[in-house]
Amino acid sequence: MNQRAPLPDPIDGGPFTVAQAMAAGVSRSRLRAGDLASPFHGVRSPQRPASLIGRAYAYAPKLLHGRFFSHTTAAVLLKMRMPTGFDEDVLHVSSVAPRRAPRGAGIVGHQVSIAPALVSNSRLTVASPVDTWVALGASLPLVDLVVMGDGLVRRRDPSASLQELRARIDAHGGERGSAALREAIEQMRAGTDSAPETRLRLMLTSAGLSEPEVNGVVATSRGPFHADLLFRSEGVVVEYDGEQHRTDDRQYAIDVDRLEAIGARWRIVRVDKRLLRRPDEVVSRVRSALAGS
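Residue numbering for the sequence shown follows the UniProt record's numbering, starting at 1 and increasing by one per position.
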């Protein structure tokens, strides 16, 4: 059995370009060996990437100056709030003019006239969260734009303020997606904790219910309680009971305790993942609570 020559240190262990390998003295026959995958033209990798994030890392050695991951690829890499059921294999890569949009199998290339703010981390160069959201104004449905935008102005560690987003939209001018972005920002609210909370709020307001406070504070004998959605004058609290609320077991126990403490004074509607898929039932329950029945 022929022993394959080990790869030199600069390229051993991760994706690399054929040009990098040949500059390091690797032969063409070694680059054709079966232990190396070719996820993209001109790229070799010890493993064939199985996820979008893995494919982004595999393509990263090909990112030239002025190119960056953008659109939904950037949103995934930045862990932004994605559309429900989102699943995509292709990578979106943008270039700043006059550099041409990249091409190739598995790549959707874009050319932009103005360079966005970029985030570089762990070998990946990505459009900033705000610029990613703006770029998606031309392709995402309105509800998904609102959900993603709410994530930018979330309660904990926000990426931007609503004022900053308005200024960015104004700078975007009349480019594609501007109208959708302006419509989305009118429905966005700062201070949310999760995508389902935003979807729940939009579900209720689109059904004609009055708009609730987002993370409104209710005083209890056991400390302040942040209600996901609060109809203060009607005395109704709507809580989304999702797994993301359980990541901190201690805080979840405190919240449950405080929710019980307000139960005597407030009507509480709890919505979980399964119920959220039945909007008519959700709206009916909240409407009944608002009516005091």
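Glycine is no exception: its CB is placed at the ideal position from the N, C-alpha and C atoms. None of the values given here were measured: they were computed from a predicted structure.
Asked                                                                                                                                                              : Found
Give the DSSP-derived three-state secondary structure of Arg81 in the structure shown.                                                                             : coil
Just the C-alpha distance for Met1 and Val26, rounded to the nearest angstrom, thanks.                                                                             : For Met1, the pLDDT reaches just 46, beneath the cut-off of 50, and the residue's location in the model is therefore unreliable, although a value from the coordinates is still provided. When rounded, the distance between both Cα atoms is 20 Å.
Could you tell me whether the segment 162 to 171 touches the segment 233 to 241, using the rule of 3 or more Cβ pairs below 8 Å?                                   : no
Smallest Cα separation from Gly191: which of Glu175, Ala184 and Asn215?                                                                                            : Asn215
Output needed for Ala261: all residues of its chain with C-beta closer than 7 Å, excluding positions within five of it in sequence on either side, in chain order. : Thr220, Ser221 and Arg222
Are the CB atoms of Met148 and Leu140 nearer to each other than 8 Å?                                                                                               : yes
For Pro61 and Ser206, I'd like the C-alpha separation in whole angstroms.                                                                                          : 46 Å
With three or more beta-carbon pairs closer than 8 Å as the criterion, would you say the segment 78 to 86 touches the segment 97 to 106?                           : no
Report the CB separation of Phe86 from Ala58 in whole angstroms; it is logged as a contact under 8 Å.                                                              : Wrong, their Cβ atoms sit about 20 Å apart, outside the cutoff.
Looking only at C-alpha atoms, which of Arg123, Ser120, Gly104 and Thr132 sits nearest to Val112?                                                                  : Thr132
Alpha carbon to alpha carbon, how far is His92 from Val43? Give it in angstroms, no decimals.                                                                      : 17 Å
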